[in-house]
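Asker: Chains A and B, in that order, give the protein sequences. Numbering-wise, the first sequence is residues 68 to 405 according to my numbering. Numbering-wise, the second sequence is residues 1379 to 1538 according to my numbering.
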Amino acid sequence: MNFWLLLLIKVGLVLGVMLPGALVIIFGELKISAHMQSRIGPYFAGGRFGWAQPLADGLKFMQKEDLVPADADDRVYKLAPYVVLMGTLALFVVLPFGPETVARDLDLGIFYVLAVSSLSTLGVLMAGWSSANKYSLIGGLRAAAQLIAYELPLVLAVIGVAIMAGSLSLNDIVTAQANWQWFDTLPTWVNIIPPYMILQAVGLVIFLTASLAELSRIPFDMPIAESELTMGYLTEYSGLRFTMFFLGEYAGMVAMAAVAATLFLGGYWLPFVSDDVLNFVGPVVLLTKVMLIAFVFIWLRWTFPRLREDQLQTIAWKWLIPAGLANIVLTGFFKVVF
Amino acid sequence: MSTRPRLPTLPFKGLRTGMWLTLKTLFKKPVTINYPLEKETPVPRARGVIALDPEACTVCMLCARECPDWCIYIEGHKEEQPPAKEGGRVRTRATLDRFDIDYALCMYCGICVEVCPFDALFWSPDYEYSEFAISEMMHDKDRLTYWLSTVPDPPALESN
Chain A
68 MNFWLLLLIK VGLVLGVMLP GALVIIFGEL KISAHMQSRI GPYFAGGRFG WAQPLADGLK
128 FMQKEDLVPA DADDRVYKLA PYVVLMGTLA LFVVLPFGPE TVARDLDLGI FYVLAVSSLS
188 TLGVLMAGWS SANKYSLIGG LRAAAQLIAY ELPLVLAVIG VAIMAGSLSL NDIVTAQANW
248 QWFDTLPTWV NIIPPYMILQ AVGLVIFLTA SLAELSRIPF DMPIAESELT MGYLTEYSGL
308 RFTMFFLGEY AGMVAMAAVA ATLFLGGYWL PFVSDDVLNF VGPVVLLTKV MLIAFVFIWL
368 RWTFPRLRED QLQTIAWKWL IPAGLANIVL TGFFKVVF
Chain B
1379 MSTRPRLPTL PFKGLRTGMW LTLKTLFKKP VTINYPLEKE TPVPRARGVI ALDPEACTVC
1439 MLCARECPDW CIYIEGHKEE QPPAKEGGRV RTRATLDRFD IDYALCMYCG ICVEVCPFDA
1499 LFWSPDYEYS EFAISEMMHD KDRLTYWLST VPDPPALESN
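Structure follows, in structure tokens:
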């Protein structure tokens, strides 16, 4: 098929999965947070259960004036939200939605994921620097410190999976999980359990914690910290550009959850189902796993208060990185022994 | 300070307790009352609005004088009544002309209800009398008398 036509279809599909996914998570966040606080949440918008609330919010944001501060660095300021959104959208290039449903199965899949997800950090820094606002600046610097600190445990957690699967390609990693055999003595239903969820449990916990910090969500939301920094690097943004940041945050949740699901929960893989069927069911399976992880993110957010800046750094450097290193050593050891 | 050594607990106790609490609340029925659609039933002794029994009022002005906010306006006059016996002195009776409470000023302290020596004022649990204009918050004698119909019966006396 024509290359450009194929490209267009792929971009359309990614946007078609990603943005509704982000909207669903926004709605889920509204409803789940409400019920966790014994409230009802959106109720009237859209007729039933307030399902149209995220759409209504988006429409409201679009009507707002697009303000640029007089002292702001105009072009950088205007570009920043799109850099953030691009960083998350570009992750979907290598994510496999099925055995053959993948935009481009790179050999360096995870490497690409980790590299591209750092692009959003650049967007956040751009927003912080260019806003000509002290809150934005401090927020941007905090974001930089935090994202650098948590990039390391993220990488270390992924290495364990790469060692076990023997490949950096995301598709190969899913295949490795699908072909995993537990001991013969155990009954066959044990194969339902995604193997890396158990064997790389430490890696999973490190990965989820670090991705929470990467997304700067509560309890790691110091870059935004409303009570001290107004809204951090988002302070000066309004209208459509704010919507882009907002969407970028939730699209980032979808992306990180999708990566975590692919690495640790088996991605599109469903036990006892052949590859032909998975080509069609795969996306649904992956999205279900994404929603499960997103629920855990939301659950954590509405349970815990924000950490202090030094506590944040302590968790990263004193706990997650040593644990990640130990995990790599152990994984390598068992990989060689067995 | 007790010197008892602390028992070792499983790690992340705070984490686990918090997560369990939010998960439990998630599946409980929300406490929200969807006000205009469903209404809360106030307790019988709720301080919603003050009702007036104009027959019992003697225009003694105690409530107006005790009111910390000066939100009670009373006017009255004396009416002559025929003597009890033939040739006796003409009796007078205080009659209530105006009894207004400005709920824009009232702070619901209930001192007027406490101080009334003739039980002319009552608390009613009714609370739906918000208005679009602040001047509408002035309730006149008729409106205060209407609130009397919403006053619940006093609790029964104890048997012994």
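A virtual CB, placed ideally from N, CA and C, is assigned to each residue, including glycine.
Nearest-angstrom Cα distance between Ile93/A and Pro1533/B?
Answerer: The count along the first sequence starts at 1 and reaches residue 93/A at position 26. The count along the second sequence starts at 1 and reaches residue 1533/B at position 155. Near 51 Å, if we compare the C-alpha coordinates of Pro1533/B and Ile93/A.
Asker: Is there a Cβ from chain A that is less than 8 Å from the Cβ of Leu1388/B?
Answerer: Indexing the second sequence from 1 puts residue 1388/B at position 10. No, its Cβ sits nowhere closer than 8 Å to a Cβ of chain A.
Asker: Here's the rule: buried if 16 or more other CB atoms are within 10 angstroms of the residue's CB, otherwise exposed. What is Lys1406/B?
Answerer: In the second sequence, counting from the first residue as 1, residue 1406/B sits at position 28. The residue is exposed, with fewer than 16 neighbouring Cβ atoms inside 10 Å.
Asker: Among Arg209/A, Asn238/A and Ser100/A, whose alpha-carbon lies nearest the alpha-carbon of Val160/A?
Answerer: Residue numbering aside, residue 160/A sits at position 93 when the first sequence is read from its first letter. Ranking the options by Cα distance to Val160/A, first place goes to Asn238/A.
Asker: Of all the CB atoms in chain A, is at least one closer than 8 Å to the CB of Lys1391/B?
Answerer: Indexing the second sequence from 1 puts residue 1391/B at position 13. By this cut-off, Lys1391/B is not an interface position.
Asker: Just checking my contact of Ile66/A with Leu296/A at CB under 8 Å: how many whole Å lie between their CB atoms?
Answerer: No answer is possible for residue 66/A: the residues shown for chain A start at 68 and end at 405.
Asker: In the region 94 to 119 of chain A, which residues sit with their C-beta less than 8 Å from some C-beta in chain B, listed in chain order?
Answerer: Ile99, Ala101, His102, Met103, Gln104, Ser105, Arg106, Ile107 and Tyr110
Asker: Can you give me the Cβ contacts of Leu152/A inside the same chain, cut-off strictly under 6 Å, excluding the 5 residues immediately before and after it?
Answerer: Within the first sequence, the letter at position 85 stands for residue 152/A. Excluding positions up to five away in sequence, the list reads Met311 and Gly315.
Asker: Counting only the same chain and skipping the five closest in sequence on each side, list residues whose C-beta sits under 8 Å from that of Met129/A.
Answerer: By 1-based counting over the first sequence, the position of residue 129/A is 62. So the qualifying residues of the chain are Gly306, Leu307 and Thr310.
Asker: By Cβ distance, which residues of its chain are closer than 7 Å to Leu387/A, with the 5 residues on each side in sequence left out?
Answerer: The residue you call residue 387/A lines up with position 320 of the first sequence. Excluding positions up to five away in sequence, the list reads Pro220, Ile273, Thr276 and Ala277.
Asker: Given that a residue counts as buried once 16 or more other Cβ atoms are within 10 Å of its Cβ, and exposed if not, what is Trp196/A?
Answerer: Mapped onto the first sequence, residue 196/A falls at position 129. Buried, because 16 or more other Cβ atoms sit within 10 Å of the Cβ of Trp196/A.
Asker: By the DSSP assignment, the beta strand (DSSP E) with Ile1452/B in it spans what residues?
Answerer: The residue labelled residue 1452/B in the question sits at position 74 within the second sequence. Looking at the DSSP string, the run of the beta strand (DSSP E) that includes Ile1452/B is Ile1450 to Gln1459.
Asker: Relative to the alpha-carbon of Leu392/A, which residue among Ile230/A, Phe362/A and Ser184/A has its alpha-carbon at the smallest distance?
Answerer: Indexing the first sequence from 1 puts residue 392/A at position 325. It is Ile230/A.
Asker: So for Arg1471/B, helix, strand or coil by DSSP?
Answerer: On the second sequence, residue 1471/B is found 93 positions in, with the first residue counted as 1. Of the three classes helix, strand and coil, the one that applies to Arg1471/B here is strand, per DSSP.
Asker: Is Phe287/A close to chain B? Criterion is C-beta to C-beta, closer than 8 Å.
Answerer: Against the first sequence, residue 287/A aligns to sequence position 220. Judged by the 8 Å Cβ criterion, Phe287/A is not in contact with chain B.
Asker: Using a Cβ cut-off of 8 Å (strictly closer), state whether Pro1406/B contacts chain A.
Answerer: Walking along the second sequence from the start, residue 1406/B turns up at place 28. A small correction: the amino acid at residue 1406/B is Lys; Pro does not occupy that position in the sequence shown. For Lys1406/B, the nearest CB of chain A lies under 8 Å from its own CB, placing it at the interface with that chain.
Asker: Is there contact here, the region 205 to 216 of chain A with the region 127 to 147 of chain A, by at least three beta-carbon pairs under 8 Å?
Answerer: no
Asker: Please list the partners that Phe178/A has in chain B, where partner means a Cβ-to-Cβ separation under 7 Å.
Answerer: Locating residue 178/A in the first sequence gives position 111, counting from the first residue. Result: empty, since nearest Cβ-Cβ is about 32 Å, beyond 7 Å.
Asker: With H, G and I counted as helix, E and B as strand and the rest as coil, what does DSSP make of Val135/A?
Answerer: Indexing the first sequence from 1 puts residue 135/A at position 68. Val135/A falls in the coil class under three-state DSSP.
Asker: Checking contacts by CB at 8 Å: is Phe371/A closer than that to chain B?
Answerer: In the first sequence, counting from the first residue as 1, residue 371/A sits at position 304. With 8 Å as the cut-off, Phe371/A counts as an interface residue toward chain B.
Asker: My output table needs one value for Arg1476/B: the three-state DSSP class, helix, strand or coil.
Answerer: The residue you call residue 1476/B lines up with position 98 of the second sequence. Note: Arg1476/B maps to strand in three-state DSSP.
Asker: Tell me the rounded alpha-carbon separation between Tyr144/A and Glu293/A.
Answerer: Counted from its first residue, the first sequence places residue 144/A at position 77. Counted from its first residue, the first sequence places residue 293/A at position 226. If you take the alpha carbons of Tyr144/A and Glu293/A, they lie about 21 Å apart.
Asker: Would you tell me roughly how many angstroms separate the C-alpha atoms of Arg1425/B and Glu1506/B, rounded to the nearest one?
Answerer: For the purposes of this step, residue 1425/B is identified with residue 47 of the second sequence, where counting begins at 1. For the purposes of this step, residue 1506/B is identified with residue 128 of the second sequence, where counting begins at 1. For Arg1425/B and Glu1506/B, the distance between alpha carbons rounds to 12 Å.
Asker: Would Glu330/A and Ile240/A qualify as a contact pair, given that the criterion is a beta-carbon distance under 8 Å?
Answerer: Counting from 1 along the first sequence, the entry for residue 330/A is found at position 263. Counting from 1 along the first sequence, the entry for residue 240/A is found at position 173. According to the sequence shown, residue 330/A is Leu rather than Glu. At a Cβ-Cβ threshold of 8 Å, Leu330/A and Ile240/A count as neighbours.
Asker: Please classify Phe164/A: does DSSP put it in a helix, a strand, or coil?
Answerer: Residue 164/A sits at position 97 when you count from the first residue of the first sequence. It is coil, neither helix nor strand.
Asker: Could I get the ranges of all uninterrupted beta strand (DSSP E) runs contained in the region 258 to 313 of chain A, with 3 residues as the minimum, in chain order?
Answerer: none
Asker: Using a beta-carbon distance below 8 Å, is Thr1400/B in contact with chain A?
Answerer: For this step, residue 1400/B is matched to residue 22 along the second sequence. Judged by the 8 Å Cβ criterion, Thr1400/B is in contact with chain A.
Asker: So Ala1429/B packs on Val1529/B, CB below 8 Å; how close in whole Å?
Answerer: Here residue 1429/B refers to the residue found at position 51 of the second sequence. Here residue 1529/B refers to the residue found at position 151 of the second sequence. At roughly 5 Å, the Cβ-Cβ gap stays under 8 Å, so Ala1429/B and Val1529/B are in contact.
Asker: Count the C-beta pairs between the region 1393 to 1410 of chain B and the region 361 to 372 of chain A that are closer than 8 Å, then say yes if the count reaches three, no if not.
Answerer: yes
Asker: For a minimum of 4 consecutive residues, which ranges assigned as the alpha helix (DSSP H) are wholly contained in the region 153 to 239 of chain A?
Answerer: Secondary structure in the region 153 to 239 of chain A: the alpha helix (DSSP H) runs of 4 residues or longer, each lying completely within the stretch, are 176 to 197 and 201 to 232 in chain order.
Asker: Could you tell me how far apart the beta carbons of Ser203/A and Thr302/A are, in whole angstroms, since I believe they sit closer than 8 Å?
Answerer: Position 136 of the first sequence, counted from the start, is the residue given in the question as residue 203/A. Position 235 of the first sequence, counted from the start, is the residue given in the question as residue 302/A. The beta-carbon separation of Ser203/A and Thr302/A, rounded to 5 Å, stays under the 8 Å limit for a contact.
Asker: Taking Cβ-Cβ distances below 8 Å as the criterion, which residues of the region 1427 to 1456 of chain B are in contact with chain A?
Answerer: none
Asker: Identify, in the order they occur along the chain, each residue of the same chain with its Cβ nearer than 6 Å to the Cβ of Arg1525/B, setting aside the five sequence neighbours on each side.
Answerer: By 1-based counting over the second sequence, the position of residue 1525/B is 147. The question names Arg, but residue 1525/B is Trp in the sequence shown. Val1427, Ala1429 and Ser1502.
Asker: From what residue to what residue does the alpha helix (DSSP H) around Ala89/A run?
Answerer: Against the first sequence, residue 89/A aligns to sequence position 22. From DSSP, the alpha helix (DSSP H) with Ala89/A extends over Phe70 to Met103.
Asker: Return no unless some Cβ of chain E is closer than 8 Å to the Cβ of Trp366/A.
Answerer: Although the question refers to chain E, the structure presented lacks it and instead comprises the protein chains A and B.
Asker: Give me whichever residues DSSP pairs with Phe128/A in a beta bridge.
Answerer: Counted from its first residue, the first sequence places residue 128/A at position 61. Its beta-bridge partners do not exist; DSSP assigns none.
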